[in-house]
Amino acid sequence: MSLIITTLKWTRPWSEQMLPAFFVAAKCVWLLHLLSFSLKPALGILRVEENREFESSYMEDMGAERDRQRSSKSRGPARVKVMMMPGFYV
1 MSLIITTLKW TRPWSEQMLP AFFVAAKCVW LLHLLSFSLK PALGILRVEE NREFESSYME
61 DMGAERDRQR SSKSRGPARV KVMMMPGFYV
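Read in the UniProt record's numbering, the sequence shown has 17 at position 17, and its numbers run on one by one without any break.
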């Protein structure tokens, strides 16, 4: 783990709970990629770029609670700011 932390040039200490959780999540993503690319043809990764229109059929709003507190008149149509978790075309 220390080699990876050094490679990432992370200078702040990680909490004891955060470090193992990060590496478990990274391992799960890696295994999911291995599984998806083991299929013939390989599954395509679904990525959403910043500022794309938000599609509630395929996406989950991670900031929904915060947005409820803001006035609906002050904002336009929902847009993607950052993709939290990629998906796969099946």
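We treat Cβ as the ideally placed atom computed from N, Cα and C, and that holds for glycine.
Computed from a prediction, not measured in an experiment: that's the story for all the values here.
Which residues share a DSSP beta bridge with residue i?
i, result
"Leu8", "Answer is none; Leu8 lacks a bridge partner."
"Leu46", "Gly87"
"Arg79", "Glu53"
Between the C-alpha atoms of residue i and residue j, what's the straight-line distance to the nearest angstrom?
i, j, result
"Arg12", "Val80", "29 Å"
"His33", "Ser2", "24 Å"
"Thr7", "Leu19", "15 Å"
"Gly44", "Gln17", "33 Å"
"Ala42", "Ser36", "6 Å"
"Ala30", "Ala21", "Per the sequence shown, the amino acid found at residue 30 is Trp instead of Ala. Straight-line Cα distance between these residues: approximately 14 Å."
"Met62", "Ser56", "11 Å"
Answer yes or no: do residue i and residue j have a C-beta to C-beta separation smaller than 9 Å?
i, j, result
"Met84", "Arg47", "no"
"Tyr58", "Gly76", "no"
Would you check if the region 18-31 and the region 48-56 touch, i.e. whether three or more CB-CB distances between them fall below 8 Å? The region 48-56 and the region 18-31 do not touch, with fewer than 3 CB-CB distances between them shorter than 8 Å.
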